[in-house]
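Worksheet: one structure, shown below.
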Amino acid sequence: MSTASPIADALLPWYRENRRPLPWRDTRDPYAIWLSEVILQQTRVDQGRAYWHRFMERYPTVQDLAAASEDEVLRLWQGLGYYSRARNLRTAARQVVAEHGGRFPADHAALLGLKGVGDYTASAIASICFGIPEPVLDGNVYRVLARVFGIATPIDSTAGRKEFRALAAELIPTDHPGDHNQAMMELGATVCAPRDPDCDACPLVRRCVAHARGNMTEYPVKAGRTKIRKRHFNYLIIPAGDGLILQKRQGRDIWQGLYEPPLIETARAIGERTLLQELRTILPGGKEIRGRSPRIKHILSHQHIQAVFWHIDADLGGQVPASWEQVGKAALEGRALPRLIERYLQEDALLKGA
Ligand code: SF4
Numbered sequence: 004m005s006t007a008s009p010i011a012d013a014l015l016p017w018y019r020e021n022r023r024p025l026p027w028r029d030t031r032d033p034y035a036i037w038l039s040e041v042i043l044q045q046t047r048v049d050q051g052r053a054y055w056h057r058f059m060e061r062y063p064t065v066q067d068l069a070a071a072s073e074d075e076v077l078r079l080w081q082g083l084g085y086y087s088r089a090r091n092l093r094t095a096a097r098q099v100v101a102e103h104g105g106r107f108p109a110d111h112a113a114l115l116g117l118k119g120v121g122d123y124t125a126s127a128i129a130s131i132c133f134g135i136p137e138p139v140l141d142g143n144v145y146r147v148l149a150r151v152f153g154i155a156t157p158i159d160s161t162a163g164r165k166e167f168r169a170l171a172a173e174l175i176p177t178d179h180p181g182d183h184n185q186a187m188m189e190l191g192a193t194v195c196a197p198r199d200p201d202c203d204a205c206p207l208v209r210r211c212v213a214h215a216r217g218n219m220t221e222y223p224v225k226a227g228r229t230k231i232r233k234r235h236f237n238y239l240i241i242p243a244g245d246g247l248i249l250q251k252r253q254g255r256d257i258w259q260g261l262y263e264p265p266l267i268e269t270a271r272a273i274g275e276r277t278l279l280q281e282l283r284t285i286l287p288g289g290k291e292i293r294g295r296s297p298r299i300k301h302i303l304s305h306q307h308i309q310a311v312f313w314h315i316d317a318d319l320g321g322q323v324p325a326s327w328e329q330v331g332k333a334a335l336e337g338r339a340l341p342r343l344i345e346r347y348l349q350e351d352a353l354l355k356g357a
């Protein structure tokens, strides 16, 4: 075994014995690996596994995914969040077909040219599928490296990213670089946990600086926390036919391309009077507030949303915004909705036909 470091020597046998049996680990097909990496970027393995199967069944090849419509892909992605990943997935599939003859390029730089593929995903595909020794750095790897080497450089700084990447590149073996990368990530995911690392079960325990110092949870160091944006969403539930009015979200914002009821976003929580004033600017015809939901808190990684669903009876005979679309109950199934909206509509008596 020509490994590059004692760390790799200790990690590989541990990985081969302890790795979780995940479906994408039985293949070197770049399409299947790429799909798993994109899905798992912000998703737990349990949840991601079901989506991976769903995508592989519906689109068994990159050509199938490239031929799908954006609405269809978003619908299949529904519930996973970070929807730009789904849009990028389809765009990158089209790139692979149009620019690379339907085959993923066996080259780190060329992989980076695919939409939504950053250093992490390019390195994962390059090392796992093509045996190229490119290090993969995700949150798990940063944590393991910071602890094993006792590195206090903040991982969210330019200097930190550089230092950790150089170290990871030094450690990666030239044979089995894909297994090595996966071993690092697996160790962070299953043993070297953020709050309570199981050092007794760790193959690196004898080499771990943080363990020797007893300050494991002080690593990795982060420079600053991202500011949380607070938003107030007032959704208008307007019955139309046996369904309701929806519109497609536009612009560079959360949930781009997904469907939602008409939205009035305000700087702070509002009452009926203010809502009616706002409504007048959108709907000149008759309208009446029939009721409202309690305030619902929906938490995203960098945004906290307070949502209220206002039930409105409105005269839709007059002028209504061009973006509004009447969507019947049956057609609702085919629309990709943000989780917040999907949950509310499932509870809503209007759509249960009560
Ligand atoms: S010894 Fe403990 S802290 Fe160090 S890498 Fe292993 S699990 Fe993490």
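Numbered by the numbering used here, the letters in the sequence shown go through residues 4 to 357 in order.
Each residue gets a CB set at the ideal place from its N, CA and C atoms; glycine is no exception.
These numbers were taken from a predicted model, which means no experiment stands behind them.
Hey, could you find the ends of the alpha helix (DSSP H) residue i is sitting in?
i: Ile-248; result: Premise fails: Ile-248 lies in the beta strand (DSSP E), 246 to 251, not in any alpha helix (DSSP H).
i: Thr-161; result: 161 to 174
i: Val-144; result: 142 to 152
i: Leu-190; result: 180 to 193
i: Leu-261; result: Careful: Leu-261 lies outside any alpha helix (DSSP H) and carries neither H nor E.
i: Ile-158; result: Run containing Ile-158: none; DSSP gives neither H nor E here.
i: Gln-349; result: 342 to 350
i: Glu-75; result: 73 to 80
i: Tyr-18; result: 9 to 21
i: Asn-91; result: 87 to 103
i: Tyr-54; result: 48 to 61
i: Leu-115; result: 111 to 115
i: Gln-322; result: That residue, Gln-322, is in no alpha helix (DSSP H); it is neither H nor E in DSSP.
i: Leu-68; result: 65 to 69
i: Val-212; result: 212 to 216
For residue i, report the span of its beta strand (DSSP E) as first-last.
i: Tyr-34; result: That residue, Tyr-34, is in no beta strand (DSSP E); its alpha helix (DSSP H) goes 33 to 43.
i: Gly-294; result: 290 to 295
i: Gln-329; result: 328 to 330
i: Ile-240; result: 232 to 240
i: Phe-312; result: 306 to 317
i: Glu-137; result: Run containing Glu-137: none; DSSP gives neither H nor E here.
i: Asp-124; result: Strictly speaking, residue 124 in this sequence is Thr, with Asp absent from that position. Not the beta strand (DSSP E): Thr-124 falls in the alpha helix (DSSP H), residues 122 to 133.
i: Ile-273; result: Where Ile-273 is concerned, there is no enclosing beta strand (DSSP E), given that its DSSP letter is neither H nor E.
i: Lys-300; result: 299 to 302
Starting from the C-beta of residue i, find all residues in its chain whose C-beta is less than 6 Å away, skip the five residues before and the five after it, and write them out in chain order.
i: Ala-127; result: Glu-40, Val-139
i: Met-219; result: Arg-150, Pro-200, Ala-213
i: Ser-5; result: Bear in mind that a pLDDT of 47 at Ser-5, under 50, signals an unreliable position, so the number given afterwards is only what the model happens to contain. Correct list, in chain order: Asp-178.
i: Gly-181; result: Ser-130, Ile-131
i: Ser-304; result: none
i: Cys-202; result: Val-208, His-214
May I ask whether a heavy atom of the ligand SF4 can be found less than 7 Å away from the beta carbon of residue i?
i: Val-151; result: yes
i: Leu-207; result: yes
i: Met-219; result: yes
i: Pro-16; result: no
i: Ala-213; result: yes
i: Cys-1; result: No statement about residue 1 is possible, as the shown extent of the chain runs from 4 to 357 and does not include it.
i: Asp-122; result: no
i: Pro-223; result: no
i: Val-147; result: yes
i: Val-194; result: yes
i: Asp-12; result: no
i: Asp-199; result: no
Looking only at its own chain, which residues have a Cβ that is under 7 Å from the Cβ of residue i, when we skip the five neighbours before and after it?
i: Pro-108; result: Leu-114
i: Tyr-54; result: Ile-42, Leu-83
i: Gln-45; result: Gly-84, Tyr-85
i: Arg-90; result: Glu-73, Gly-260
i: Tyr-18; result: Asp-182, Gln-185, Ala-186, Glu-189
i: Ala-172; result: Pro-138
i: Asp-141; result: Tyr-123, Met-188
Return the Cβ separation of residue i and residue j in integer angstroms, given the expectation that the two are a contact with Cβ distance under 8 Å.
i: Leu-247; j: Pro-264; result: 6 Å
i: Pro-157; j: Ala-226; result: 4 Å
i: Trp-327; j: Gln-250; result: 6 Å
i: Lys-332; j: Asp-245; result: 5 Å
i: Leu-117; j: Val-99; result: 7 Å
i: Leu-278; j: Ile-257; result: Not confirmed; about 22 Å, so no contact.
i: Ala-317; j: Lys-290; result: 4 Å
i: Asn-237; j: Ile-285; result: Between Ile-285 and Asn-237 the Cβ distance is about 11 Å, and since that is not below 8 Å, they are no contact.
Grab me the residues of residue i's own chain with a C-beta within less than 8 Å of its C-beta, minus the 5 sequence neighbours each way, in chain order.
i: Ile-175; result: Ala-7, Ala-11, Ser-130, Pro-136, Glu-137, Pro-138, His-183, Asn-184
i: Ile-36; result: Trp-27, Thr-30, Ala-127, Ile-128, Ile-131, Cys-132
i: Ser-87; result: Gly-119, Gln-259
i: Ala-357; result: Note that Ala-357 scores a pLDDT of 37, beneath 50, so its modelled location is shaky; the value from the coordinates is reported in the next line. Same-chain partners within the cutoff: there are none.
i: Ile-240; result: Leu-247, Pro-264, Phe-312, Trp-313, His-314, Ile-315, Asp-351, Leu-353
i: Phe-152; result: Leu-170, Val-212
i: Val-48; result: Arg-23, Leu-25, Ala-192
i: Arg-93; result: Leu-68, Ala-69, Ala-71, Glu-73, Val-76
Is there a Cβ of chain B sitting closer than 8 Å to that of residue i, yes or no?
i: Ala-334; result: Within the model displayed, chain B is absent; a lone protein chain is all it includes.
- Message: Closer than 8 Å is the cut-off here; do at least three beta carbon pairs connect the stretch 270 to 284 with the stretch 343 to 352?
- Response: No, they do not touch.
- Query: Pairing CB atoms from the stretch 174 to 194 with CB atoms from the stretch 134 to 150, are three or more of them under 8 Å?
  - Reply: yes
- Query: Touch check for the stretch 202 to 212 and the stretch 62 to 70: three-plus C-beta pairs under 8 Å?
  - Reply: no
- Would you check if the stretch 296 to 316 and the stretch 330 to 340 touch, i.e. whether three or more CB-CB distances between them fall below 8 Å? no
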